[in-house]
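Undergrad:
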Amino acid sequence: MSFKRHIPNIITLLNLFSGCIAVLLAVQNYFVGAALFMFLGIFFDFFDGFAARKLNVQSELGLQLDSLADMVTSGLVPGVVMFKLLNLSIGQPIAQNADASWNYTGLFDGLQVYAPLAFIGFFITLGSAYRLAKFNLDEDQQSSFTGLPTPANALLIISLPLILEFQNSNTISAIILNPWFLTAMTFLSCYLLNSKIKLFALKFKDWSFKTNAVRYIFLVLSVLFIVVFKFLAIPLIIVLYVMLSLFSKASKE
51 MSFKRHIPNI
61 ITLLNLFSGC
71 IAVLLAVQNY
81 FVGAALFMFL
91 GIFFDFFDGF
101 AARKLNVQSE
111 LGLQLDSLAD
121 MVTSGLVPGV
131 VMFKLLNLSI
141 GQPIAQNADA
151 SWNYTGLFDG
161 LQVYAPLAFI
171 GFFITLGSAY
181 RLAKFNLDED
191 QQSSFTGLPT
201 PANALLIISL
211 PLILEFQNSN
221 TISAIILNPW
231 FLTAMTFLSC
241 YLLNSKIKLF
251 ALKFKDWSFK
261 TNAVRYIFLV
271 LSVLFIVVFK
281 FLAIPLIIVL
291 YVMLSLFSKA
301 SKE
């Protein structure tokens, strides 16, 4: 039995492992650490498919395993992050119940410190699950995507606490920590994940500029955005991605 057919699945499991650690860190409000492990998971998510194609060992098992790993790294993690941000925006303290045991009283005591609105953040997890299920049944998303891919959406959500941490702007922080803004972002995220918008994939069949113009333009502008805007560049890059995809589609019609 050849070992090489297991290599993509091992990489996928590393994605899942990274996502599990990111969840633990996000739950404990270590958003920078959660972001690092999310980035690592998304890195593995990119290379498992690349490895499968290069080794010619693509399989139905790999497809299903990939979606299950993405459900954690790019579905559960952003949901937890949004839940935490919404709770913080309403001014609720962090849940701490050192004496809680596995009984109903301890469990509900721990939940009382969370604002009910904060649970809306998990709509992102639900929207991600629905998108991943649809993706597995759709055979028409090889060279393009219908709706925002879950890794891109996860990056959009995780950028919010990173902007709070590193941008040092009171105005931007006030906007991000507004519960109405976060609620709107949650519903926008769910919409983008399951929209009918056709988005180009970053897959190069060749390296010519003519056939990959929109991809090269996107990559160059993304680098410039990161240099100029730092972590604020992430939501701007997502907007750029959607706009370039719409422009590319319109130019072909």
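So the sequence shown is residues 51 to 303, counted in the working numbering.
Glycine included, each C-beta is placed from N, C-alpha and C at the ideal position.
Quick caveat: nothing in here was measured; it's all calculated off a predicted structure.
1. What are the boundary residues of the alpha helix (DSSP H) that residue 194 is part of?
2. Is it right to say residue 30 is buried, meaning 16 or more other beta carbons lie within 10 angstroms of its own, or is it exposed?
3. Taking only the alpha-carbon atoms, compute the straight-line gap between residue 121 and residue 114 and give it to the nearest angstrom.
4. Which residue comes first and which comes last in the beta strand (DSSP E) that contains residue 250?
5. Since residue 203 and residue 239 should fall inside the 8 angstroms C-beta cutoff, what is the C-beta to C-beta distance between them, to a whole number of angstroms?
6. Is residue 165 helix, strand or coil by DSSP?
7. If the criterion is Cβ atoms closer than 9 angstroms, does the pair residue 284 and residue 205 meet it?
8. Of the choices 210, 55 and 228, whose alpha-carbon is the least far from that of residue 286?
9. Can you tell me where the alpha helix (DSSP H) with residue 280 in it begins and where it stops?
10. Should residue 237 be labelled buried (16 or more other beta-carbon atoms within 10 Å of its own) or exposed?
11. Assuming residue 58 and residue 95 form a contact by the criterion Cβ under 8 angstroms, report the distance between their Cβ atoms to the nearest whole angstrom.
12. Between residue 125 and residue 62, is the Cβ-Cβ spacing less than 9 angstroms?
13. Whole angstroms is fine: what's the gap from residue 168's alpha carbon to residue 177's?
14. At what residues does the alpha helix (DSSP H) containing residue 126 begin and finish?
15. Let me check understanding here. Comparing Cα to Cα, which of 231, 295, 265 and 298 lies closest to residue 140?
16. Under the three-state reduction of DSSP, which class applies to residue 228: helix, strand or coil?
17. How would you write the range of the alpha helix (DSSP H) that residue 199 sits in, first residue to last?
18. List the whole-angstrom C-beta distance separating residue 127 from residue 171, where the pair is believed to meet the contact cut-off of C-beta under 8 angstroms.
19. Relative to the C-alpha of residue 258, which residue among 266, 88 and 251 is closest?
20. Mind checking which residues open and close the alpha helix (DSSP H) that includes residue 73?
21. For residue 87 and residue 72, which I take to be in contact (beta-carbon distance under 8 angstroms), what is that distance rounded to the nearest angstrom?
22. For residue 152, I'd like the list of residues in its chain whose CB is within less than 8 angstroms of its CB, leaving aside the five on either flank, ordered along the chain.
TA: Taking the structure as given:
1. Sequence index remark: in the sequence shown, residue 194 carries index 144 (1-based). No alpha helix (DSSP H) holds residue 194; the beta strand (DSSP E) holding it covers 194-196.
2. The requested residue 30 does not occur in the structure, where the chain is confined to residues 51 to 303.
3. Along the sequence shown, read from residue 1 onward, the residue named residue 121 stands at position 71. Along the sequence shown, read from residue 1 onward, the residue named residue 114 stands at position 64. Cα-Cα distance, rounded: 11 angstroms.
4. Here residue 250 refers to the residue found at position 200 when the sequence shown is read from its first residue. 248-250 is the extent of the beta strand (DSSP E) around residue 250.
5. For the purposes of this step, residue 203 is taken as residue 153 along the sequence shown, with counting starting at 1. For the purposes of this step, residue 239 is taken as residue 189 along the sequence shown, with counting starting at 1. So it is a contact: roughly 6 angstroms between Cβ atoms.
6. Indexing the sequence shown from 1 puts residue 165 at position 115. The answer is coil: DSSP assigns residue 165 none of H, G, I, E or B.
7. As a working mapping, residue 284 is identified with position 234 in the sequence shown. As a working mapping, residue 205 is identified with position 155 in the sequence shown. Cβ atoms of residue 284 and residue 205: closer than 9 angstroms.
8. To locate residue 286, count along the sequence shown from 1; it is residue 236. The candidate whose alpha carbon is nearest that of residue 286 is 210.
9. Counted from its first residue, the sequence shown places residue 280 at position 230. Note, residue 280: premise wrong, no alpha helix (DSSP H); not H, not E.
10. To locate residue 237, count along the sequence shown from 1; it is residue 187. Label assigned to residue 237: exposed.
11. Locating residue 58 in the sequence shown gives position 8, counting from the first residue. Locating residue 95 in the sequence shown gives position 45, counting from the first residue. Contact flag wrong, Cβ pair sits at about 11 angstroms.
12. Taking the first residue of the sequence shown as 1, we reach residue 125 at position 75. Taking the first residue of the sequence shown as 1, we reach residue 62 at position 12. No; because the gap between Cβ atoms is not below 9 angstroms, this pair is not in contact.
13. For the purposes of this step, residue 168 is taken as the residue at position 118 of the sequence shown. For the purposes of this step, residue 177 is taken as the residue at position 127 of the sequence shown. About 16 angstroms.
14. For the purposes of this step, residue 126 is identified with residue 76 of the sequence shown, where counting begins at 1. Run containing residue 126: none; DSSP gives neither H nor E here.
15. As a first step, residue 140 is located in the sequence shown; it is residue number 90 there, counting from the start. Comparing Cα-Cα distances from residue 140 to each of 231, 295, 265 and 298, the minimum goes to 231.
16. If you number the sequence shown from 1, residue 228 lands on position 178. In this structure, residue 228 counts as coil in the three-state DSSP scheme.
17. Taking the sequence shown and counting its residues from 1, one reaches residue 199 at position 149. Looking at the DSSP string, residue 199 is not in any alpha helix (DSSP H), and its letter there is neither H nor E.
18. Here the question's residue 127 lines up with position 77 in the sequence shown. Here the question's residue 171 lines up with position 121 in the sequence shown. Rounded, the Cβ-Cβ distance is 11 angstroms, inconsistent with contact.
19. Within the sequence shown, residue 258 is the residue found at index 208, counting from 1. Checking every option, the nearest Cα to that of residue 258 belongs to 266.
20. Walking along the sequence shown from the start, residue 73 turns up at place 23. Unbroken alpha helix (DSSP H) run through residue 73: 57-77.
21. In the sequence shown, residue 87 corresponds to position 37, counting from 1. In the sequence shown, residue 72 corresponds to position 22, counting from 1. With a Cβ gap of about 4 angstroms, residue 87 and residue 72 count as contacting.
22. Translated into the one-based positions of the sequence shown, residue 152 becomes position 102. With a pLDDT of only 39 at residue 152, under 50, the local geometry of the prediction cannot be trusted, and no value is derived from it.
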